[in-house]
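Enquirer: Numbering (the working numbering), first residue to last: 1294 to 1460. Glycine residues also receive a C-beta, built at the ideal position from the N, C-alpha and C atoms. Predicted model only: the values in this text are computed from it and were never measured.
1. Please classify residue 1305: does DSSP put it in a helix, a strand, or coil?
2. Taking residue 1347 as the reference, give the member of 1372, 1381, 1312 with the closest Cα.
3. Report the residue ranges of all alpha helix (DSSP H) runs contained in full by the segment 1350-1377; include only those spanning at least 4 residues, in chain order.
4. Can you say whether residue 1238 is buried or exposed, counting buried as having 16 or more other CB atoms within 10 angstroms of its CB?
5. Enumerated in chain order, which unbroken segments of the alpha helix (DSSP H) with a length of 4 residues or greater are wholly contained in the segment 1375-1401?
6. Does DSSP put residue 1331 in a helix, in a strand, or in coil?
7. Quick one: what's got a C-beta closer than 7 Å to residue 1295's C-beta in the same chain, skipping five residues either side?
8. What's the C-alpha gap between residue 1392 and residue 1301?
9. Would you report the Cα separation of residue 1330 and residue 1307, rounded to the nearest angstrom?
10. In angstroms, rounded to a whole number, what distance separates the CA positions of residue 1388 and residue 1353?
11. Counting only the same chain and skipping the five closest in sequence on each side, list residues whose C-beta sits under 8 Å from that of residue 1358.
12. Would residue 1415 pass as a contact of residue 1342 if the rule is Cβ separation under 8 Å?
Here's what the structure looks like:
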């Protein structure tokens, strides 16, 4: 990131540099306020936390966002007994979860906040997060839940059509 940023600066380019991370970079994600980048009991090591601390430092200095690939589908299929379907699908009547004074009515918000919590723990409290990738499976057995796309669009006030011309 630093080399790319230096090259862009040398070329007088206004293009900012950022990076994307998957949710798997977290060692702990639940409850969201306990989000961390390392967990001795997980496959995530302290090396990951150190790497994320370096990334957070760079992004904070440059005032650039962290890009996040967050898939409620994978969280749901990975732990169906503890992740209610309505909560993963942005269904308005989902019971949701409480974390301190915060109430989460959908899984994506909780996922994003767990990354915010992890960033705070490595000095990245000023960094914004941009969800750069999300979605739901297209395989036939999961299509009955394709309403998640419409609920997601409603949640963020965006138009969802088939391509940009039909939005």
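Expert: Reading from the atomic positions:
1. In the structure shown, residue 1305 falls within a coil segment according to DSSP collapsed to helix, strand and coil.
2. If we check each option's Cα against that of residue 1347, 1312 comes out closest.
3. Correct list: 1365-1371.
4. Because the chain in this structure spans residues 1294 to 1460, residue 1238 falls outside the shown range and cannot be described.
5. Secondary structure in the segment 1375-1401: the alpha helix (DSSP H) runs of 4 residues or longer, each lying completely within the stretch, are 1378-1381 in chain order.
6. The three-state reading of DSSP puts residue 1331 in coil, since its state is none of H, G, I, E or B.
7. Cβ within range, chain order: 1351.
8. In this model, residue 1392 and residue 1301 are separated by some 41 Å (Cα to Cα).
9. If I take the Cα positions, the gap works out to 30 Å.
10. Answer to the nearest angstrom: the Cα atoms are 35 Å apart.
11. Within the same chain, and ignoring the five residues on either side of residue 1358 in sequence, the residues whose Cβ sits closer than 8 Å to its Cβ are 1311, 1352, 1420, 1421, 1422, 1423.
12. It is a contact, given that the beta carbons lie within the stated cut-off.
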